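In my numbering, the protein residues as written are 179 to 432.
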Ligand code: PGA
């Protein structure tokens, strides 16, 4: 049984006061939804104070990125060991990092390794562009991103994968549940080739891209989909709580 998983990716939003207010507005409700693993991913600078707020609760924190070196002359970067006591997860390979910060699969792979070596768990994001999708290249692109992202890494069941089609991120144009379920089945197949079928069956794979309270059910109903990586809707307490609540409800029914 894979525990359902919902992560909120706040991206470059919220200052400290706003972040604390957001967490305070939803913590009590999220705490009642314990059968879902709920992860908040605020900006780096808010991790410590938000950790102080959620400590002792069922809520985990994640970072949105990290550098692959442990320490040294890398002005402006944050290493896994700096955030090790604060979060459990790190989002890696998000399409915004690939697009705006030119992160390649090799860089993402180095980051996945560094994160695992520090005892943290990566949320490895993969996804195709609209152009690749329309050219029928989705399978090829995702297989490469998963294989290269996990290259030379032995079975690690703490790894979470997020399938986020780039055309669905922040556009209000989500994939359909059936589309996402089928594609995630394919990703699981790629993981099975790497790590064996039994292990692949234990890896959590999320859908991300314009998930809201109104469409989350469609995704969560799919047996292949274990949860969601939520951007925009994770910045509104009521919306995010609703997504977690519906996830708990649907997965308990299935
Ligand atoms: P969105 O972002 O929910 O705003 O589409 C998802 C993500 O980028 O993780």
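All C-beta atoms in this analysis are idealised placements derived from N, C-alpha and C, irrespective of residue type, glycine included. Since the model is a prediction, treat every value here as computed from it, not as a measurement.
Can you have a look at residue i and say buried or exposed, based on whether 16 or more other CB atoms are within 10 angstroms of its CB?
i, result
"residue 299", "buried"
"residue 318", "exposed"
"residue 178", "Examination of residue 178 is not possible in this model, given that the chain is present from 179 through 432 alone."
"residue 416", "exposed"
"residue 312", "exposed"
"residue 230", "exposed"
Give me, in chain order, the residues of the same chain whose beta-carbon lies closer than 6 Å to that of residue i; leave out the 5 immediate sequence neighbours on both sides.
i, result
"residue 246", "288, 289 and 292"
"residue 303", "271, 272, 340 and 342"
"residue 307", "344"
"residue 222", "256"
"residue 217", "185, 238, 240 and 267"
"residue 181", "215"
Taking 7 Å as the cut-off, does the CB of residue i come closer than this to any heavy atom belonging to the ligand PGA?
i, result
"residue 339", "no"
"residue 327", "no"
"residue 407", "yes"
"residue 433", "As shown, the chain starts at 179 and ends at 432. That puts residue 433 outside it, with no answer to give."
"residue 391", "no"
"residue 388", "yes"
"residue 411", "yes"
"residue 187", "yes"
"residue 342", "yes"
"residue 347", "yes"
"residue 367", "no"
Rounded to whole angstroms, what is the Cα-Cα separation between residue i and residue j?
i, j, result
"residue 185", "residue 301", "9 Å"
"residue 330", "residue 391", "38 Å"
"residue 378", "residue 351", "29 Å"
"residue 324", "residue 365", "7 Å"
"residue 189", "residue 266", "17 Å"
"residue 238", "residue 419", "15 Å"
"residue 235", "residue 209", "7 Å"
"residue 371", "residue 260", "34 Å"
"residue 337", "residue 401", "19 Å"
"residue 422", "residue 353", "19 Å"
"residue 197", "residue 414", "11 Å"
With respect to 7 Å, is the separation between the Cβ of residue i and the closest non-hydrogen atom of the ligand GDP below this value?
i, result
"residue 295", "This structure does not include the ligand GDP; its bound ligands are the ligand PGA."
Beta-carbon within less than 8 Å of residue i's beta-carbon, same chain only, minus the 5 sequence neighbours each way: which residues are those?
i, result
"residue 399", "355, 428 and 432"
"residue 320", "304, 305, 306, 341, 361, 364, 365 and 368"
Apart from the five residues just before and just after residue i, which ones in its own chain have a Cβ nearer than 7 Å to its Cβ?
i, result
"residue 262", "296, 297 and 298"
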